[in-house]
Amino acid sequence: MPKYRKLSSKDVEKILIKHGFKFVSQKGSHRQFKGVVKGRKRRVTVLADRKSFHPKTLKSMIRQSGLTEEVFLGNK
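In the numbering used here, the protein residues as written are 9 to 84.
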């Protein structure tokens with residue numbers, strides 16, 4: 009598994025908004041964002057108020073978004 013830089017909840021939310029996702033709802037500490045990537049509707053769940061995410065959690069959010077790791081992490 010590649011090394012991911014530490015991203016906070018706010019960082020992940022900014023990335024999603026930058027790529028056209030919109031905040032739609034929140035239940036407890038789980039925030040939902042919806043967007044369309046490559047013609048497919050996507051929903052991403054982000055845990056609010058986290059200073060950093062475990063790499064597997066971050067990978068799951070990247071997969072949910074439908075974006076590539078390079079695009080999501082800003083390497084491209």
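Cβ coordinates follow ideal geometry from the N, Cα and C atoms, glycine included. All values reported here derive from a predicted model rather than from experimental measurement.
C-beta contact flag for residue i and residue j at 9 Å
| i | j | result |
| --- | --- | --- |
| K59 | G43 | no |
| K46 | Y12 | no |
| H38 | V20 | no |
Cut-off 7 Å between Cβ atoms - residues of its own chain near residue i, not counting five sequence neighbours on either side
| i | result |
| --- | --- |
| F80 | I23, I70, S73 |
| K14 | S60 |
| V52 | L24, F29, F41, M69, Q72, S73 |
Enclosing beta strand (DSSP E) for residue i [first to last residue]
| i | result |
| --- | --- |
| S33 | 30-35 |
| R50 | 48-55 |
| R71 | First-last for R71: 63-73, but that is the alpha helix (DSSP H), not the beta strand (DSSP E). |
| K22 | Unbroken run through K22 is the alpha helix (DSSP H), 17-26; no beta strand (DSSP E). |
Cβ-based neighbour list, residue i, same chain, cut-off 8 Å, excluding 5 preceding and 5 following
| i | result |
| --- | --- |
| Q34 | Q40, A56 |
Close beta carbons around residue i, own chain, < 6 Å, minus the five adjacent residues each side
| i | result |
| --- | --- |
| G28 | G43 |
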